[in-house]
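> In the working numbering, the protein residues as written are 115 to 297.
1. Roughly how many angstroms separate the alpha carbons of residue 176 and residue 197, rounded to a whole number?
2. Going by the beta-carbon positions, is the gap between residue 241 and residue 275 smaller than 8 Å?
3. Return the chain-ordered list of same chain residues with a C-beta closer than 8 Å to the C-beta of residue 181, the five sequence neighbours on each side being excluded.
4. Hey, residue 279 and residue 239 are a contact pair by Cβ (cut 8 Å); roughly how many whole angstroms apart?
5. Residue 237: which of 135, 173 and 178 sits nearest, CA to CA?
6. To the nearest angstrom, how far is the alpha carbon of residue 214 from that of residue 132?
7. Could you compute how far the alpha carbon of residue 282 sits from the alpha carbon of residue 204?
8. Compare the Cα-Cα distances from residue 145 to each of 164, 226 and 166 and report the closest residue.
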């Protein structure tokens, strides 16, 4: 079965506006990364390392050695934590710090996601407004040419009406409350 879509255009065929947008987004990300506080950069670096396979291998080696040596399987290495209480304490303290670093990084990522969502919303609202104006223009042109649009009058009125984001949000919230009330 073949795909109904065309292959993507080569990068050199992208529009200049799209290239400019990509460059602007990348520059913004680089600027925000550069403006990050030292603490945030440290937390991101630690989170990046702890989320890697190198971190897993390091832990396998360290904790593996700890366990094997304290079980007495390595001749000449004395047992330094025969009850594994120290190992449990070290692992617990490490987990506390690692979870804190992960939360710091997640907070930064959530803030960045909120910014992108706001940008998406603003662009979508602008696009909706512009399309509404285009629909008004097309209707006016069709009226002037005494041409009939292939839509019902109700559909044309809906397309030509601006959408108030507050009304949409109110409707979404009302629907959510209704769903929560029935579940």
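Glycine included, each C-beta is placed from N, C-alpha and C at the ideal position.
Predicted model, so just to flag it, every value in this text is computed and none were measured.
Per the coordinate set shown:
1. When rounded, the distance between both Cα atoms is 17 Å.
2. no
3. 198 and 201
4. 6 Å
5. The shortest Cα separation from residue 237 among 135, 173 and 178 belongs to 135.
6. 38 Å
7. 51 Å
8. 226
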